[in-house]
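Report on the following structure.
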Amino acid sequence: MLFREPRAGRPVDGPTKAARWLLVLFLAPVCWGLFQLAGALPSAQAPRCPGTVLDEHGEELPQTRLRPGQTCHTRDGLRPTGSRTFEEAENLRAQEQRELLEEGALFTLYGAGGLALVLGRLGPPWRRADREQHTRPEEADGGTG
Numbered sequence: 585m586l587f588r589e590p591r592a593g594r595p596v597d598g599p600t601k602a603a604r605w606l607l608v609l610f611l612a613p614v615c616w617g618l619f620q621l622a623g624a625l626p627s628a629q630a631p632r633c634p635g636t637v638l639d640e641h642g643e644e645l646p647q648t649r650l651r652p653g654q655t656c657h658t659r660d661g662l663r664p665t666g667s668r669t670f671e672e673a674e675n676l677r678a679q680e681q682r683e684l685l686e687e688g689a690l691f692t693l694y695g696a697g698g699l700a701l702v703l704g705r706l707g708p709p710w711r712r713a714d715r716e717q718h719t720r721p722e723e724a725d726g727g728t729g
């Protein structure tokens, strides 16, 4: 595991400990970016109306999804705050999807780049332990001691 206790006789050095924390810190943006990208997936459903749905003739409909030709009127308590048509709601949803896609890609690339730098500079933590094992001080001076 990433944060398990070191084996007896092998203390964890500073760069190894720092690399483990950096891996965790760069994994967080990768996860958040993937979550944002999943939120940007296109939806097959009609846009949702947070207020009252009105048909072409201005009559209220008992639904929360807009269809072509309908209008959504929103209210803040008793005051009307605005309205949008089906086309405007579709455009708003497309804009929100683009923003989620951009943010998700940015976070994912940032995290993946950081992970690549940490792993490229220090090597994977599970490989560093093997490398240290092969370069013992006794082997370095020819086994004389």
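Mapping of the sequence shown onto this note's numbering: residues 585 to 729, in sequence order. Cβ coordinates follow ideal geometry from the N, Cα and C atoms, glycine included.
Next on the checklist: Quick check: the Cα distance between M585 and R705, rounded to an integer number of angstroms?
Outcome noted: Note that M585 scores 48 on pLDDT, short of 50, meaning its location in the model is unreliable; the coordinates nonetheless yield the value given after this. The alpha-carbon atoms of M585 and R705 are separated by roughly 20 Å.
Item to check | Contact set for W616: own chain, Cβ-Cβ below 6 Å, skip 5 residues either direction | outcome: F691.
Checklist entry - With a Cβ-Cβ cutoff of 8 Å, do L685 and A624 count as a contact? => result Going by C-beta atoms, L685 is nearer than 8 Å to A624.
Item to check | C615 in three-state terms, based on DSSP | outcome: Helix, per DSSP.
Checklist entry - From the DSSP output, which residues share a beta bridge with E644? => result Beta-bridge pairing links E644 to L638.
Item to check | Beta-carbon separation (whole angstroms), P626 vs Q681, contact threshold 8 Å | outcome: Contact between P626 and Q681 holds, since their C-beta atoms are separated by about 7 Å, short of 8 Å.
Checklist entry - Does DSSP classify R668 as helix, strand or coil? => result Looking at R668 - three-state DSSP - the assignment turns out to be strand.
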